[in-house]
């Protein structure tokens, strides 16, 4: 596999905090299902999305 620049990787926006996050190798098989940028956001998914300051 050819090396890629980080800027060339796909990115999404976290549904909890609204921050952008990039593709990770460990998410390779489930990228379409990934919604949260971190375990902390995933665990607090029932809380309302944070407002941007």
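Residue numbers (my numbering): 1 to 53. Every residue gets a Cβ at the ideal spot worked out from N, C-alpha and C, and that includes glycine. None of these values were measured; they are calculated from a predicted model.
Provide the residue span of the beta strand (DSSP E) that contains residue i, from first to last.
| i | result |
| --- | --- |
| residue 12 | 11-13 |
Taking the continuous alpha helix (DSSP H) assigned at residue i, which residues delimit it?
| i | result |
| --- | --- |
| residue 43 | 39-43 |
Flag this pair as yes or no: are the beta carbons of residue i and residue j separated by less than 8 angstroms?
| i | j | result |
| --- | --- | --- |
| residue 15 | residue 29 | no |
| residue 9 | residue 27 | no |
Compute the Euclidean distance between the alpha carbons of residue i and residue j, then round it to the nearest angstrom.
| i | j | result |
| --- | --- | --- |
| residue 43 | residue 6 | 27 angstroms |
| residue 39 | residue 2 | 29 angstroms |
| residue 46 | residue 19 | 17 angstroms |
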